[in-house]
Structures are given as C-alpha cells and as structure tokens.
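Enquirer: The following block contains the structure, expressed as structure tokens.
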Amino acid sequence: MASLTLPVSARSTLAVLERALTLYRRLWRASAFSSFVLPVLFLVSIGVGVGGHVGLIGGVDYLSWIVPGVMASTAFQMAVGECTYPVLGDFKWVRAYHAMRATPVEPGDMILGWLLYVLLRVTVAVVVFLGITAVFGALHSPFALVTPLVCALVSLAAAAPTMAFAATIEHDSYFALLFRFVLIPSTLFAGVFFPVEQLPLAVRPLAYLSPLWHGVELDRAATLGTAPPWPIAAHLAYLVVFAAAGAAWAVHAFRKRLQD
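Under our numbering, the first residue of the sequence shown carries the number 9, and numbering increases by one thereafter.
Here it is in structure tokens:
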C-alpha cells in the first residue's frame, strides 16, 4: 500500500529497477565470475605475484597501492558493460524501451531505474571486494569504508554517458571502438597500475580527463589514509558534473530515439 502513495515518476523508476532485478535474478550466475572472482584473482596475481618484484610505491607495498585502483576500475568496467549491449538491446532487439514508453514511464524514469540497478550491482561487488582485501591486510585507514560511495559515483560517471552513446547507435560494432579507445586506455593509464606521473607530461591531461582517474585517487587516499593530488572537493565535483552531463545527454538521446 505504501508504494501507492509514491509519485508516478518514482513508481515508474522503481518499476524499471524491478524489471532489471528480475532479469538479473535469472542471469546472475553468468556475471558472478567477472564481478566477484575475476577481480580477486587479478588482485592476487598482479598485486601479490607481480608486486613481489615491484617493491614499494609511495612508501607502501604494491598490493596496498593497487587495491584501490582495481576497485575503482572494476566499478568503471561493470558500469560500462551494463550500459552497452543491454541498453542497445532494449532499443533495437527487445524493444523494451518502446514498450515502456507506451506506459506512464518517461525516458528519465528508464534511465534512473537502470542507473539504480547499476549502482546496486557495483556496490555489492565493491563491498565484497573490500572485505576480501581487508583479509589481505591491504587497507590502512578506516576511511576505506567510504570507497563503495566513491565507486558508486565512478559508476554513475561511466554509466550515464555510456547509456547515451548506446541510445545513439544502430549497430553493436561501435562498442568495439568504445572498448578499444575509451575503456582499455582508461584502465591502463588512469593510475590503476602505476602513477600517472610516470606518463609523458603531454599525455597526463588525458588521464586527468577520465573519471576513473579521479575515482582511483579518491579510493587510494581513502584506503591509505593519504591526501589525493587534487582537493577532494575537486575530484568529487568532476565526477558529479561528468555524471550529470552524461545523464542529460542520455535523456536527450532516449527521447530522440523513442520518437522513431
């Protein structure tokens, strides 16, 4: 009965979220490895294995240094992955968004409902990952507890523009370009595996443009108890503005496509 008192837009958003969770309940086993097991295996192989040869970075062992980067990049990659083929599919093949549009569900409700689903997916994965890294002794500050919030913001900054991009294309071959020229370079050169300061001076601004770099630096500051290179407010503001701009683009793209 309580749900009946919600505004129409809130009920519509929750209906979209409920649909996404219902679908995921049938498919969660397929994503369990990539969401939970793979990051841990990667952490052990790179953080512990390779880290034994790397030594200290910034006065801490490589495992402790790489943990926040892997955490943020996992959120980033999950958000992008959940907003590529699923979104295009609901436009082009399933036409679920067109069916929703025949109801009181507005494009903004579709976007917000899916973003809430992405947030839930990312938050659960990050919390599990955080608990495992704590067992490895890779967390050095109680502020590590805020990293799921940072990763949630990173996921929004990645998911919103990706949804917009998926709503503007007609063929999934464009995703290969997205992965090759955006996702992979962001993961490799956003401070996840090595300090951005090791990049050539002319290339560093490209790293700073990535929302992933801001998430990595905030997570690293939280897990190590150190200060990030930029003021915390500046990092957060960049992520918020990036997510808001992506959401605005997504609303425009959804409305335009649903007119067809």
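Don't be surprised by glycine CBs; every beta carbon is placed ideally from N, CA and C. Since we're looking at a predicted model, the values are computed, not measured.
Within the same chain, show all residues whose beta-carbon is closer than 6 Å to that of Leu209, passing over the 5 residues directly before and after it, in chain order.
Expert: none
Enquirer: Less than 8 Å between C-beta atoms, sequence neighbours within five positions excluded: which residues of the same chain meet that for Phe151?
Expert: Ala229, Ala230, Thr231, Gly233
Enquirer: Just to check my reading of the structure: Met86 and Val130 have Cβ atoms closer than 8 Å, yes? What is that Cβ distance to the nearest angstrom?
Expert: Correct: roughly 5 Å between the Cβ atoms.
Enquirer: Under 8 Å by Cβ, that's how I've got Thr92 and Phe183 pegged, so tell me the actual separation to the nearest angstrom.
Expert: 5 Å
Enquirer: Quick check: what's the CA-CA separation for Thr82 versus Val113?
Expert: 31 Å
Enquirer: Is it true that the CB of Ala255 sits closer than 7 Å to the CB of Ala198?
Expert: no
Enquirer: If contacts are defined as beta-carbon pairs under 8 Å, then Gly89 and Thr21 qualify, I think. What distance do you get, rounded to the angstrom?
Expert: Here Gly89 is actually not in contact with Thr21; their C-beta atoms are around 22 Å apart, not less than 8 Å.
Enquirer: Quick one: what's Asp69 bridged to in DSSP?
Expert: Leu64
Enquirer: Please tell me whether Cys159 and Ala80 are closer than 7 Å, where the distance is taken between their beta carbons.
Expert: The Cβ-Cβ distance between Cys159 and Ala80 falls below 7 Å.
Enquirer: What number of angstroms, rounded off, separates the C-alpha of Arg263 from the C-alpha of Arg33?
Expert: 29 Å
Enquirer: Taking C-beta to C-beta, are Phe250 and Pro219 nearer than 7 Å?
Expert: Yes, the pair counts as a contact, with Cβ atoms nearer than the cut-off.
Enquirer: Please go through the same chain and pick out, in chain order, the residues whose beta-carbon is closer than 6 Å to the beta-carbon of Leu25, but skip the five residues on each side of it.
Expert: Gly121, Leu124, Tyr125
Enquirer: Along the alpha helix (DSSP H) that carries Pro237, what are the first and last residues, could you check?
Expert: Pro237 -> no alpha helix (DSSP H), and no H or E assigned at all.
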